Structure formats: structure tokens, C-alpha cells
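Everything on this sheet refers to the single structure shown next.
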Amino acid sequence: MKKLLPKILSGAAALALALTASAQDTVKVGILHSLSGTMAISETSLKDVLLFTFDEINAKGGVLGKKIEPVIVDPASNWPLFAEKAEGLLVKDKVAVVFGCWTSVSRKSVLPVFEKYNGLLFYPVQYEGEELSKNIFYTAEAVNQQAVPAVDYMLADGKKKFYLVGSDYVYPRTTNKILKKYLKSKGIADADIIEIYTPFGHTDYQTIVAEIKKFSAGGKACVISTLNGDTNVPFFKEFANAGLTSENCPVVSFSLSEDEFRSLPTKDLVGHLGCWTYFMSLTTPENKKFVADFKKWLKTAPAGVDRNNRVTCSPMNLSRTGVYLWKQAVEKAGSFDVDKVREALPGQTFKAPEGKVTMQENHHLINPVFIGETMANGQFKIIKSLGPVAGEPFSDKFLK
Amino acid sequence: MILRRLNNLRPPTRSTTVAALVWLLCYIFAIPLSAANHRAVLVQAITTNDVAVQADLINSLANVPDPIIEQALTAWRQGSVYLYEPEDQPKVPFLLEAGTDATGKSRGIDLGTGEFIKDAAGQPLLFTAADLTAADTSSKLRRVIKTTLDLLALSNLNPNVRRDAASKLGQEQNADYLPHFRERLANEKFPEVRKALTEAIAITELLDEKADVRLGAVRALDQQRSIPGLDFLARLETEAKTKPQAFSLDLLNAIHQARIHIERHVSTSNFIETAFHGFSLSAVLLIAALGLAITFGLMGIINMAHGEMIMIGAYSAYLTQNLFIKMFGQGTRGFDFYFLAALPFSFLTAGLVGILLERGIIRHLYKRPLESLLATWGVSLVLQQTMRTIFGAANVQVYSPSWLTGNINAQDVVFAYNRLFVIAFAIAIVVFTWLLLTKTSLGLQVRALMQNRQMAACMGVRTDRVNMATFAFGSGLAGMAGACLSQIGNIGPSLGQSHIVDCFMVVVLGGVGNLQGTVSAALGIGVTDQVLQPHLGAVLGKITVLAAIILFLQWRPAGLFATRGRGLEG
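Below is the structure:
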């Protein structure tokens with residue numbers, strides 16, 4: 010034992026030396042996504058696409074001549090743990106930037122940490138807005154880039170009755186509150202808007218679907234769904250079994266993208282709508298390259314990355330866009346310093362798969378918006394392109 | 066009809082395809098020339114790029130009795146009309162025949178000619194659906210197609226199709242459709258379709274210029290107790306406020322009366338619906354909890370792995386489905402029977418896992434119930450991770466057989482087939498379990514063990530074997546529950562977690578160690594939940610039920626039906 014100790018010590022010293030040597034030509038970047046627990050199913054894909062993007066950038070020489078070195082932590086779908094892990098990334102690992110969070114509650118939990126240590130976070134998942142931190146850049150769709158255009162589309166389609174159903178947490182409640190105001194401003198009567206919430210993991214949608222059936226009996230009705238994750242399966246099964254279809258009552262879902270369709274019975278979802286700033290079925294050359302490159306990368310991906318039936322979706326695309334915008338800002342600032350990068354970020358543009366995106370002063374993107382219809386193969390058929398929309402987090406600015 | 070026949074084809078054996086081909090050729094020669102013209106119109110509609118022209122062409126097909134038009138339009142709407150693009154020639158829209166050959170390819174049927182697409186050598190070309198370009202549709206075009214199909218559907222052979230078409234067309238309040246409705250009504254025999262047609266006529270006539278026609282329409286809706294009419298009547302009433310001169314007092318009164326009558330009808334139908342939903346939720350709870358009523362209730366094992374037995378059953382159903390898809394192809398008649406095979410298979414797999422669990426772990430812990438709690442919880446984690454490793458973390462998809470999709474609609478109450486099945490199944494397994502426990506010698510031994518293990522052993526009951534059989538049976542029941550639940554919700558590694566709390570709730574509330582308690586508790590929880598839900602919402606409803614159960618257990622800690630058994634001994 011006594012002989013072993015010096016060996017270990019010298020080994021550790023050599024390792025530390027190697028680490029400091031490598032630290033000079035790499036830059037540490039944090040990935041803060043749940044890799045276990047209920048959210049793992051969605052967030053793991055974001056970790057994968059981030060690793061892919063880092064490899065893409067490293068292959069072309071990295072950022073400011075430094076290779077990106079990912080520091081992956083697992084907050085395990087546990088909101089307080091998000092804050093703890095974020096603190097670890099900023100204080101212990103001293104990462105230059107963090108890409109992470111999915112649910113709004115996890116973002117709210119890390120926000121004070123990023124402000125306290127002056128960190129930098131890129132947030133890629135559609136959210137309810139009403140928030141603006143100087144330490145967070147939101148590549149995500151704001152309410153006026155997803156919910157409002159979707160409702161506009163329904164109004165233009167002649168819909169007069171709106172059934173808002175959602176999971177019971179901050180994103181659906183805030184979004185629906187804004188939507189209700191918006192619908193009223195468009196002349197929809199109170200009696201024609203129903204708002205209802207179900208717990209996470211709810212499985213019994215009989216009552217709600219029966220109510221929708223009667224609600225939509227007179228036609229011109231639609232459902233706006235902010236149901237999250239698993240609960241969509243019993244909801245759509247019940248919906249189809251009650252004889253409701255996308256023709257007599259279409260459902261627009263804000264939380265369902267191609268990645269979620271991998272584990273949903275898409276047959277029951279055909280014809281229902283989605284509204285995002287990106288669809289995998291986009292035919293731009295940039296998107297074709299992105300999809301092909303990602304699939305190629307999967308073949309040689311590190312262990313633990315699921316290789317089968319992989320798709321791309323809006324949160325994945327926005328994660329990648331965030332990395333590139335950060336890279337450009339770092340290169341413009343000529344430094345990894347958070348304050349300098351933050352100053353350089355607004356005005357950065359990037360030729361993303363969906364078209365040109367621009368980071369605004371309000372830390373949100375100008376991004377094209379699309380409306381798509383679900384097809385049986387789990388892809389969206391794009392039925393309307395709405396052109397670039399400037400993200401605006403505060404609803405009182407776009408509601409009059 | 067040709068295509069419908071082709072759609073029903075199983076993977077083509079040579080004889081069936083030849084038969085179909087002969088049939089197809091006979092049919093082509095039999096159709097009159099005008100029908101061929103309509104097909105040319107159809108082909109033009111599909112290949113044109115201008116949406117307005119397309120819409121006109123499609124509209125012109127509304128009165129064509131050629132069944133191939135209906136088939137092709139339906140397929141187009143669903144994105145299964147494909148385009149064959151030979152070089153330097155116009156595009157050819159075609160459908161794929163239903164079956165595939167060994168390499169997963171199938172022949173294409175040219176919509177213009179009704180024949181298979183052939184290459185230069187005259188051999189039929191083979192296609193795979195995944196590589197093909199589907200003919201474009203937009204949602205606007207699909208609506209036009211739908212209207213045309215609805216008009217065609219008014220004379221469909223299936224009365225349900227006629228009914229849906231009538232109500233859909235009525236909502237458009239388009240006076241052009243009135244002759245179609247009247248013509249159909251004159252020949253219609255099915256009361257449901259007659260109702261839908263009368264409703265459609267009345268709703269359309271609400272906008273008529275003549276006051277007496279409008280009055281008649283309102284009265285007709287009143288008589289029909291028409292729920293779809295309610296919205297239109299309400300709209301009329303708001304309109305009356307803005308321009309009262311267009312509404313006579315009679316009309317206003319009639320509208321008011323009609324609304325009161327219809328609203329009363331809605332609340333009756335809601336009442337029946339709530340009762341049905343209550344029973345169906347009870348059935349789900351009961352099916353899920355029955356296995357636990359055996360393993361926890363009768364045997365006294367705090368079995369935290371019960372949920373995972375349900376999950377194993379659900380994955381067994383998924384495997385059976387995949388096997389049947391491989392054997393028969395999806396959506397075929399053979400596939401429809403997969404579920405009947407899945408039930409016993411789930412029972413056996415979960416039962417087998419139950420035996421392993423009992424032999425390996427639980428039998429060492431009969432005298433230490435708290436340790437069995439920890440041990441089974443550990444097992445449940447292991448089982449979840451195993452499934453995650455084998456099937457992946459994402460949920461898997463299970464398709465319902467066609468006889469479990471759809472519903473019966475009686476008096477505006479929707480009875481979904483899968484819900485009816487779940488209720489019937491719950492009754493069946495409760496009766497079966499009850500018979501097993503009361504009428505067989507195994508049941509007698511189980512009950513003896515439950516009352517006093519030592520004494521039963523002294524009397525010569527082979528406690529070891531009875532324990533194993535009982536635990537396997539309880540696990541098997543949980544497995545069947547999993548297969549059953551796959552028709553309603555998700556299948557994923559954490560499926561069990563979402564049911565385990567409900568299961569314990571039912572068993573504890575019913576009174577541990579007693580079947581009739583479990584049944585009553587399931588009924589109580591299910592019905593209360595559904596009665597409260599429309600008033601309190603899903604979240605508050607659930608909380609209220611939980612609070613009520615806690616209060617009830619304060620009052621009667623042993624549950625609804627208290628029995629003395631091992632589970633309750635100090």
C-alpha cells in the first residue's frame with residue numbers, strides 16, 4: 010500500500026499536467042440536459058445534437074483556434090439539481106458558455122445562478138416568454154413565434170371556437186393566458202373558449218374528449234394543445250375513438266415535434282397540426298446537409314448515443330443554431346469573456362437550415378415560422394410558411 | 066369497387082393476384098366511356114399545379130357514380146396517390162396494390178387506365194412506398210376533396226358514412242346541397258341517417274330568406290334535440306339582437322324553446338356519459354389492481370414490482386403485435402387477431418416472471434413484509450432498466466385492432482369500443498378470479514393460507530407450492546392488465562410507475578384481502594373521479610378523490626370490507 014501511494018500521486022500529477030496542457034488549446038463548454046428521469050427522453054436528443062455540432066466545429070478548427078471540450082452534467086429531471094449542476098459548471102469547471110434546459114421550471118431554477126456568477130446560457134425550447142435575463146439567450150420560439158401564428162392560421166381557416174387543453178404547469182398556463190387575451194382581441198366570445206388542464210402523466214381523457222365532441226358538434230372548432238409528453242398518447246387514442254378527426258376538429262400541438270413522434274402512434278395524429286420555426290422536412294440545401302451530416306455522425310457517435318430511427322426537430326436545430334451564434338460572437342469579440350460575447354451577440358446572423366436567423370437586442374431570434382401537418386410517417390408536411398417573425402418575450406408588446 | 070377489392074388483397078399469392086387482375090380487366094371493359102372521361106378529369110386534377118383549377122375539377126366529380134373516383138380521392142387525401150414520372154412524358158398518378166412481394170415491393174395501378182404500370186418490356190414495374198413521391202395536397206385542397214367525397218358519401222353503402230357526411234355538409238349551410246339532402250332523405254331507411262339529414266336540412270334552412278321556412282327549421286331542430294344545431298341557434302339569437310326587424314316574435318320564441326329543450330337533452334346525455342366513463346375508469350382501475358389484490362391483498366406481500374408486471378404484459382402485447390405484423394402485415398384481418406393472442410401471452414410471460422421473483426426473492430421474505438417492500442422496489446427498478454436496455458427509453462407504439470377502434474353513438478352518447486371491451490374484460494376476469502378462489506381446491510388452499518399459514522401447513526397444504534402458484538396468478542393478471550391498457554395509453558419502461566399508486570389505493574380502500582372490496586373500491590374511485598371531473602377539472606378532481614380516500618381511511622382504517630388475514634396481523 011505504501012509503495013502504491015507515490016505511484017498514484019505521481020500519476021495524478023502527470024494527469025493534471027496533461028490536463029493543463031490540453032486546457033490551453035481547448036475551451037470548456039457546458040451541456041446541462043437531463044439524461045435520466047422523465048425529461049431524458051427529450052433532452053438526450055439535445056445533448057446528442059450539441060456533441061454533433063461541437064464535432065462539426067472542431068473539425069473546422071474550433072473557436073478562436075481552440076477546440077470545444079464538452080462538459081456534460083446530468084441534472085436528472087430534478088429542478089433544484091439543475092441549479093446545483095449549473096453552479097458546478099460555472100464555478101468548478103469555469104465553462105465559457107452553457108447550452109441547456111428544456112422545461113421552463115428548470116430554466117427558472119438556474120436563472121439566479123447564471124446571474125450571480127455572470128454565466129452565459131443558451132435556451133433552445135419553445136417557451137412562454139415574460140422573462141428576459143441578461144445572462145440568457147433564447148434561441149427558442151417565443152409565444153409570438155409559435156402559439157400566435159398557429160392561432161392566426163386557425164382564425165384564417167374560419168375557426169370560431171377554441172378548446173385549450175394543456176398539462177398543468179407554467180408553460181401551458183402562461184401561453185393559454187396570453188392566447189385567451191389574443192383570441193378575445195380577435196372577437197372570439199368568452200363562451201367559445203374553454204381552458205382545461207390535466208396533471209402530468211394523466212391517462213384518462215374520456216371526459217375531456219366527450220366535452221370536445223359536444224363542443225365541436227356545430228363545426229368551426231379546434232383544439233389548441235399544450236399537453237406534454239406521454240399524455241398525448243391516451244389523448245389522441247381517445248380522440249380518434251370518439252370519431253373526431255383533423256377534419257371535423259383539428260388539434261394544434263405546441264409540444265410535439267418529430268422527435269416526440271418517434272414514440273407516438275402517428276396514425277392517430279395524421280392531419281393534426283404543428284407550428285415551429287423548423288421542420289425536418291424543409292428542403293433547403295442547408296437543412297439537407299444538416300440532416301445528412303447528423304445521420305452520418307450518428308454512425309460514428311460515441312457510446313450511449315441512440316443510433317436508430319433518429320430524426321431532427323426544432324429544439325435540436327435551435328440548439329445547434331445557438332452554438333454557431335455563440336461561436337460567431339466569440340470570434341467577433343475576439344475573446345471568451347462573457348461580457349464581451351454578450352455585447353457581440355445581438356446582430357449576429359446565421360444561415361440556419363430554416364433560413365436566415367438574426368439575434369436581436371432582446372436576446373431572441375428573428376426566425377421564419379412554418380405550419381405543418383402531421384403525416385403517418387412521423388414527419389410534418391409544411392402547409393404554410395409565414396416568413397421571418399421577430400421573437401418578442403413580453404406579451405403586452407404584441408397584444409394590443 | 067376494384068380498388069376496394071385490391072385493398073383487401075393479402076400479400077399476393079399468385080392465384081389471388083391473377084384473379085384480381087382478371088376481375089379488374091372485366092371491370093374495365095364493363096365501364097361506360099363516360100366513366101373513362103371522369104378518370105381523365107381525375108388524372109388532370111392530380112397532375113395540375115393550380116389549386117383553383119384543381120378545386121374546380123374535383124368539384125365536377127361530385128356526381129360521378131364511378132367507385133374508382135371515390136377510392137382514388139380518398140387515397141389522394143391520405144397521401145397515398147403516387148406519381149410515376151417517366152422521362153419526357155406526362156406524370157402518371159397511380160396507387161399501390163395492397164400487398165407486397167417478398168422484397169417489400171408492390172405493383173402500381175395507373176389511375177387513368179386502371180391497369181398496372183409496365184416498363185418498356187411490358188413487365189409490371191415494382192415500387193416501394195417509401196421511395197415514391199406522393200401527389201401533393203394542401204389542406205384547402207383536402208377540404209375540397211372532402212366535400213366532394215362527402216357528397217359522394219351521401220349515397221355510400223355504410224350508414225355511418227352517410228350520417229357523418231350529412232352532418233358535415235349541413236354545417237356548411239350551403240343551400241346548393243339541399244337537393245342532395247332531400248333526394249337522399251326520400252330513399253333513406255336508417256333512422257340515424259334520417260336524423261342527420263333532417264338536421265342538415267334544418268341547419269341549412271336557418272339562413273333561408275323566408276321567415277316561415279326559418280321557423281320550420283328551428284322547430285325541426287327542436288324536435289330532433291339537435292346538439293349540432295345548438296351553436297347555430299345561439300348564433301341566430303345573437304344576430305336577433307343586432308337586427309331585430311328580421312326576427313318575428315314567433316321565431317324568437319321558437320329559438321328560445323328549442324335551446325332550452327336541446328340543453329336539457331345535452332345534460333341527460335352528459336349524465337349517461339359520465340356514468341359510462343365512471344364504469345370504464347373503474348374497469349381500468351380494477352383490471353390493474355386485481356393482480357395486486359391477490360399478491361398484496363391475499364398473500365400480504367407489499368409488492369412494489371406489481372406495476373412492472375403490468376409493464377411486462379404491455380411489452381408482451383407489443384411483441385405479439387410485431388410478430389403478427391411480420392406474419393400477416395399491418396391492417397390485415399390476421400393482424401386484427403393479435404390482441405386475442407396477446408392476452409394469454411401476456412398472462413404467461415408476467416406469470417413466469419412472477420414465479421422467478423417468488424422463487425428467487427420473495428419466498429425468503431414472507432415473514433418480513435417491510436423487507437419485501439424494499440426488495441420488490443429494487444426488482445421494479447431492475448425490470449425498468451432491463452426494458453430500457455432491450456426496447457429503448459422511448460415509448461413503443463401499439464396499434465389497436467380494427468374491432469377495438471371506433472364507437473357506437475346512441476342518443477348522442479359515445480360508447481367507444483375499446484372502453485366497452487375493457488368493461489367486459491374486467492367483469493370476465495373478476496368472475497374468473499372469484500370462481501378460482503371459491504370453487505377450486507387451489508382457491509380453498511389459498512384462503513386457508515391467508516387465514517393461518519402455520520395451521521394450513523399442519524393440515525397438509527403444501528404452502529410453498531400454493532404461494533408460488535398464487536403469486537404467479539397475481540402477476541399473470543397484472544400482465545393481462547398491461548395488454549389491456551396498451552389499447553388505451555402508453556407503453557414505456559415507466560408504465561408501471563403511473564399505475565402502482567392507483568393500484569395500492571384501490572386495494573387498501575377496498576380492504577386488504579378481499580375481492581369484493583377491491584371491486585367496490587374501484588367502482589367508487591372511478592365513478593367519483595368522473596363525476597367530479599367535469600365540475601372541478603382533472604387536477605382538482607384527482608386531489609379531491611385522494612383527500613376523500615384519506616379521510617375515509619381515518620374513519621375506517623381497514624378499508625371498506627375489513628377481513629382478518631395475514632396482511633393485517635400485527
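The listed protein sequences derive, respectively, from chains A and B. Add 9 to the 1-based position in the first sequence for our numbering, that's all there is to it. Add 65 to the 1-based position in the second sequence for our numbering, that's all there is to it. Note that beta-carbon positions come from the ideal geometry of N, C-alpha and C, so glycine has one too. A quick note: this is a predicted structure, and the numbers were derived from the prediction, not measured.
So that I know if they touch, is there some Cβ in chain B lying closer than 8 Å to that of residue i?
{"i": "A/SER113", "result": "no"}
{"i": "A/LYS276", "result": "yes"}
{"i": "A/ILE50", "result": "yes"}
{"i": "A/ASP64", "result": "no"}
{"i": "A/ASP161", "result": "no"}
{"i": "A/SER272", "result": "yes"}
{"i": "A/ASP102", "result": "no"}
{"i": "A/ASP421", "result": "Residue 421 of chain A lies beyond the range of chain A shown here (10 to 409); nothing can be said about it."}
{"i": "A/GLY283", "result": "no"}
{"i": "A/GLY138", "result": "no"}
{"i": "A/GLY228", "result": "yes"}
Would residue i count as contacting chain A if we go by Cβ distances under 8 Å?
{"i": "B/PRO158", "result": "no"}
{"i": "B/GLN449", "result": "no"}
{"i": "B/LYS391", "result": "no"}
{"i": "B/LYS170", "result": "no"}
{"i": "B/SER345", "result": "yes"}
{"i": "B/ASN555", "result": "yes"}
{"i": "B/GLY589", "result": "no"}
{"i": "B/HIS321", "result": "no"}
{"i": "B/LYS504", "result": "no"}
{"i": "B/ARG116", "result": "The question names Arg, but residue 116 of chain B is Val in the sequence shown. Closer than 8 Å: no."}
{"i": "B/SER563", "result": "yes"}
{"i": "B/VAL331", "result": "yes"}
Measure how close the beta-carbons of residue i and residue j come, nearest whole angstrom, since I'm counting them as under 8 Å.
{"i": "A/ASP302", "j": "A/GLU65", "result": "7 Å"}
{"i": "B/PHE536", "j": "B/MET364", "result": "6 Å"}
{"i": "B/GLY561", "j": "B/GLU373", "result": "4 Å"}
{"i": "B/THR470", "j": "A/ASN250", "result": "6 Å"}
{"i": "B/LEU176", "j": "B/VAL108", "result": "6 Å"}
{"i": "A/PHE146", "j": "A/PHE131", "result": "5 Å"}
Based on Cα-Cα distance, which residue from the options lies nearest to residue i?
{"i": "B/GLN598", "options": "B/HIS342, B/ASP296 and B/ARG300", "result": "B/HIS342"}
{"i": "B/LEU24", "options": "B/GLN109, B/ALA265, B/LYS254 and B/ASP315", "result": "The displayed coordinates of chain B run from 66 to 635. Any statement about residue 24 of chain B would go beyond what the structure contains."}
{"i": "A/THR330", "options": "A/LYS406, A/GLY238, A/ASN185 and A/THR367", "result": "A/THR367"}
{"i": "A/VAL412", "options": "A/LYS37, A/LYS143 and A/ILE81", "result": "Residue coverage of chain A in this structure runs from 10 to 409, which leaves residue 412 of chain A outside it and unanswerable."}
{"i": "A/GLY74", "options": "A/VAL104, A/VAL80, A/VAL339 and A/LEU253", "result": "A/VAL339"}
{"i": "A/LYS390", "options": "A/THR235, A/CYS284 and A/PHE245", "result": "A/CYS284"}
{"i": "A/PHE245", "options": "A/ASN257, A/LYS229 and A/VAL218", "result": "A/VAL218"}
{"i": "B/LEU507", "options": "B/ASN517, B/GLN519 and B/THR528", "result": "B/THR528"}
Using the three-state DSSP reduction, which class does residue i fall into: helix, strand or coil?
{"i": "A/SER194", "result": "helix"}
{"i": "B/HIS245", "result": "helix"}
{"i": "A/ILE8", "result": "Residue 8 of chain A is absent from the structure shown; chain A starts at 10 and stops at 409."}
{"i": "A/LYS56", "result": "helix"}
{"i": "B/GLY365", "result": "coil"}
{"i": "A/CYS322", "result": "coil"}
{"i": "B/THR339", "result": "helix"}
{"i": "B/CYS549", "result": "helix"}
{"i": "A/PHE270", "result": "helix"}
{"i": "B/ALA95", "result": "Because B/ALA95 sits at a pLDDT of 43, beneath the cut-off of 50, its placement in the model cannot be relied upon, and the following sentence gives the value as read from the coordinates. Note: B/ALA95 maps to helix in three-state DSSP."}
What residues in the segment 195 to 225 of chain A have a beta carbon less than 8 Å from any beta carbon of chain B? ILE205, TYR206, THR207, PRO208, GLY210, HIS211, THR212, ASP213, GLN215, THR216, ILE217, ALA219, GLU220, LYS222 and LYS223
Practice problem: Give, in chain order, every residue of the segment 239 to 259 of chain A whose Cβ lies closer than 8 Å to some Cβ of chain B. | Solution: ASP239, VAL242, PRO243, LYS246, GLU247, ALA249, ASN250, ALA251, GLY252, GLU256 and ASN257
query: Got a sec: which bits of the segment 292 to 319 of chain B sit with their beta carbon under 7 Å from any beta carbon on chain A, in order along the chain?
result: ILE292, PRO293, LEU295, ASP296 and PHE297
In chain order, what residues of the segment 443 to 474 of chain B put their CB closer than 9 Å to some CB of chain A?
GLY457, ALA458, ALA459, ASN460, VAL461, GLN462, VAL463, TYR464, SER465, LEU469, THR470, GLY471, ASN472 and ASN474
Taking any Cβ of chain B, which residues in the segment 373 to 401 of chain A have a Cβ under 7 Å from it, in chain order?
GLU382, MET384 and ILE392
Would you list, in chain order, the members of the segment 361 to 394 of chain B that have their beta-carbon closer than 8 Å to a beta-carbon of chain A? none
Q: Select from the segment 166 to 191 of chain A all residues with a C-beta closer than 9 Å to any C-beta belonging to chain B, and list them in chain order.
A: ASP166, LYS169, LYS170 and ASP177
* Asked: In chain order, what residues of the segment 314 to 345 of chain A put their CB closer than 7 Å to some CB of chain B?
  -> ASP315
Give me the subset of the segment 255 to 283 of chain B whose CB atoms are less than 9 Å from a CB atom of chain A, sorted by chain position. ILE268
Review point. For the segment 475 to 488 of chain B, which residues have a beta carbon sitting closer than 9 Å to at least one beta carbon of chain A?
Key: ASP477, VAL478, VAL479, ALA481, TYR482, ASN483 and ARG484
Going along the segment 590 to 624 of chain B in order, which residues come within less than 8 Å of chain A, judged by CB to CB distance? ASP594, GLN595, GLN598, PRO599, GLY602, ALA603, VAL604 and LYS607
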